[in-house]
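Novice: Got a structure for you, written out below as structure tokens; questions coming shortly.
Numbering (our numbering), first residue to last: 178 to 564.
Rendered as structure tokens:
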């Protein structure tokens, strides 16, 4: 009898323990549900605030390129297809300049969601060009298209030159690079060469002198023309990033070396910018709105953030390699047909387009009275260009 009572007691005890455990689990589940609900409500409220902040900022940077395009970028983005973007870095306002800027740097980027990849190709700014709409001013350098007729002319020139559709553009004030780098918390970039640079002199001497080291992310700064140096740092602030991006004259590769360093900074900044903390910071978007311009709509940008974020983390860099020639006493860059075709093939493949021959050597029609002498200049680097 005693054994039976003990068994009953044990069963009742186990039953009570199970019931208590279930109650605890139920309370835990309810608390988790409450917490999640609170988070969702908070996010919805915060999201409404972000929407108003983002939309106002993005609307302020939207500006039409005022050209007819070969493809509808909004349709491409809505369908999650690859698209191209011409990135122009201007010197407007940089280093206290107040004139209309040239496109100081030019890159064509393709965003491919299928391969989750962004391909960035730097374009030499000194390519000899007949600017669409201003052919009578031939010869011009490619970066003059922006100052003559705006971003639309730049888009047309690059598109005609490579025979690759340019779907949209982003215009960035290089001075604003300082602010954007600051907003993402700085960037770490391995320098491809050792050099010193002062923005005040554009050379390796002067006030606020920076010293970078080949193969390293470390750098130092001197405020007394290199007499004393600060302790080494590995994360560049905005000013250091701009100095790193600007140096040209002491780079053995000239403008090509500068293009490479600009790509490195841009890649590092983009990778940090896609994290959630940065994306929900309205001040970051406001900083962009003060230093950038695009013809993408608010809805386009929202969809890009939703569908293409993964691609930004996988970036591939390249550049269009030209050769220097002198023409009528001015230095230009001209690109062999084979090199142009290589870049055309690369970009078109990333856009999912069929193979086509590369575009016009001068991006537009050259006045007949100057074609012969221009062709002679081209013959210095590529006999195939003379037809």
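All residues carry an ideal CB built from backbone N, CA and C; glycine is no exception.
Quick caveat: nothing in here was measured; it's all calculated off a predicted structure.
Please name the residue or residues paired with residue 380 in a DSSP beta bridge.
Specialist: Within the chain shown, numbered from 1, the residue matching residue 380 stands at position 203. 375.
Novice: Between residue 259 and the rest of its own chain, which residues show a CB-CB distance below 8 Å, the 5 nearest in sequence each way excluded?
Specialist: Position 82 of the chain shown, counted from the start, is the residue given in the question as residue 259. Cβ within range, chain order: 253, 287, 288, 289, 290, 291, 527, 528 and 529.
Novice: Can you tell me whether DSSP reads residue 322 as helix, strand or coil?
Specialist: Against the chain shown, residue 322 aligns to sequence position 145. Helix, per DSSP.
Novice: Is residue 469 helix, strand or coil by DSSP?
Specialist: In the chain shown, residue 469 corresponds to position 292, counting from 1. DSSP places residue 469 in strand when its eight states are reduced to three.
Novice: Rounded to the nearest angstrom, how far is the Cβ of residue 139 from that of residue 524, given a contact under 8 Å?
Specialist: Since the first and last residues shown for the chain are 178 and 564, residue 139 lies out of range.
Novice: Determine the DSSP secondary structure at residue 543, reduced to helix, strand or coil.
Specialist: Looking up residue 543 in the chain shown gives position 366. Residue 543: coil per DSSP, three-state reduction.
Novice: Output the distance between the C-alpha atoms of residue 370 and residue 336, rounded to the nearest integer angstrom.
Specialist: Taking the chain shown and counting its residues from 1, one reaches residue 370 at position 193. Taking the chain shown and counting its residues from 1, one reaches residue 336 at position 159. For residue 370 and residue 336, the distance between alpha carbons rounds to 32 Å.
Novice: How should residue 320 be labelled, buried or exposed, when 16 other C-beta atoms within 10 angstroms of its C-beta is the threshold for buried?
Specialist: Within the chain shown, the letter at position 143 stands for residue 320. By the Cβ-count criterion, residue 320 is buried, with 16 or more other Cβ atoms from all chains shown falling within 10 Å of its own Cβ.
Novice: Using only CA atoms, which one of 521, 539 and 543 lies nearest to residue 533?
Specialist: Start at 1 with the first residue of the chain shown, and residue 533 comes out as number 356. Nearest of 521, 539 and 543 to residue 533, Cα basis: 521.
Novice: If we ignore side chains and look at the alpha-carbon of each, how far apart do residue 468 and residue 296 end up?
Specialist: By 1-based counting over the chain shown, the position of residue 468 is 291. By 1-based counting over the chain shown, the position of residue 296 is 119. A straight-line Cα-Cα distance of about 23 Å links residue 468 and residue 296.
Novice: Leaving out five residues before and five after residue 310 in sequence, what residues of the same chain have Cβ atoms less than 7 Å from its Cβ?
Specialist: On the chain shown, residue 310 is found 133 positions in, with the first residue counted as 1. So the list reads 326 and 330, once near-sequence residues are dropped.
Novice: Candidates 434, 285, 391 and 385: which alpha carbon is nearest residue 398's?
Specialist: Here residue 398 refers to the residue found at position 221 of the chain shown. Answer by Cα proximity: 385.
Novice: For residue 441, count the other beta carbons within 10 Å of its own beta carbon; 16 or more makes it buried, fewer makes it exposed. Which is it?
Specialist: Indexing the chain shown from 1 puts residue 441 at position 264. Its Cβ being crowded by 16 or more others within 10 Å, residue 441 is buried.
Novice: Going along the chain, which residues of its own chain have a beta-carbon closer than 6 Å to the beta-carbon of residue 409, five neighbours each way excluded?
Specialist: For the purposes of this step, residue 409 is taken as the residue at position 232 of the chain shown. 395 and 397.
Novice: Measure the Cβ-Cβ separation of residue 322 and residue 308 and say whether it is below 8 Å.
Specialist: As a position in the chain shown, residue 322 is number 145, starting the count at 1. As a position in the chain shown, residue 308 is number 131, starting the count at 1. Taking 8 Å as the Cβ cut-off, residue 322 and residue 308 qualify as a contacting pair.
Novice: Once the 5 residues before and after residue 313 are set aside, which same chain residues still bring their CB inside 8 Å of it?
Specialist: As a working mapping, residue 313 is identified with position 136 in the chain shown. Non-local C-beta neighbours of residue 313 in its own chain, meaning closer than 8 Å and more than five positions away in sequence, comprise 544, ordered along the chain.
Novice: Is residue 400 buried or exposed, if buried means 16 or more other CB atoms sit within 10 Å of its CB?
Specialist: In the chain shown, counting from the first residue as 1, residue 400 sits at position 223. The residue in question, residue 400, is exposed, as its Cβ has fewer than 16 Cβ neighbours within 10 Å.
Novice: Can you find the residues in the same chain that come closer than 6 Å, C-beta to C-beta, to residue 241, ignoring five residues on each side of it along the sequence?
Specialist: The count along the chain shown starts at 1 and reaches residue 241 at position 64. Answer for residue 241: 472, listed in chain order.
Novice: Tell whether a beta-carbon distance below 8 Å holds between residue 265 and residue 346.
Specialist: As a position in the chain shown, residue 265 is number 88, starting the count at 1. As a position in the chain shown, residue 346 is number 169, starting the count at 1. Yes, the pair counts as a contact, with Cβ atoms nearer than the cut-off.
Novice: Provide the residue(s) that pair with residue 389 in DSSP beta bridges, ordered along the chain.
Specialist: To locate residue 389, count along the chain shown from 1; it is residue 212. Looking at the DSSP assignment, residue 389 forms a beta bridge with 372 and 396.
Novice: May I have the straight-line CA-CA distance separating residue 283 from residue 412, to the nearest angstrom?
Specialist: Position 106 of the chain shown, counted from the first residue, corresponds to residue 283. Position 235 of the chain shown, counted from the first residue, corresponds to residue 412. Spanning the two alpha carbons is a distance of roughly 25 Å.
Novice: Can you tell me the Cα-Cα spacing of residue 450 and residue 504, whole angstroms?
Specialist: The residue given as residue 450 occupies position 273 in the chain shown. The residue given as residue 504 occupies position 327 in the chain shown. Roughly 43 Å between the two C-alpha positions.
Novice: Below 7 Å, is the gap between the Cβ of residue 474 and the nearest heavy atom of the ligand ZN?
Specialist: For the structure depicted, the ligand ZN is absent and the ligand set is empty, with no information on it obtainable.
Novice: Do you know whose CA, among 507, 490 and 516, lies nearest residue 499's CA?
Specialist: Your numbering for residue 499 matches position 322 in the chain shown. Nearest C-alpha to residue 499: 516.
Novice: In three-state DSSP terms, what is residue 353?
Specialist: As a working note, residue 353 is residue 176 in the chain shown. In the structure shown, residue 353 sits in a helix (DSSP, three-state: H, G or I).
Novice: Does residue 429 pass the burial test, meaning 16 or more other C-beta atoms within 10 Å, or should it be called exposed?
Specialist: Position 252 of the chain shown, counted from the first residue, corresponds to residue 429. By the Cβ-count criterion, residue 429 is exposed, with fewer than 16 other Cβ atoms from all chains shown falling within 10 Å of its own Cβ.
Novice: Are residue 419 and residue 348 close, meaning C-beta to C-beta below 8 Å?
Specialist: One-based indexing of the chain shown puts residue 419 at position 242. One-based indexing of the chain shown puts residue 348 at position 171. No, these two residues do not count as a Cβ contact at 8 Å.
Novice: By DSSP's criteria, residue 364 is part of a beta bridge. Which residues make up the other side?
Specialist: Mapped onto the chain shown, residue 364 falls at position 187. Note: residue 364 sits in a beta bridge opposite 413.
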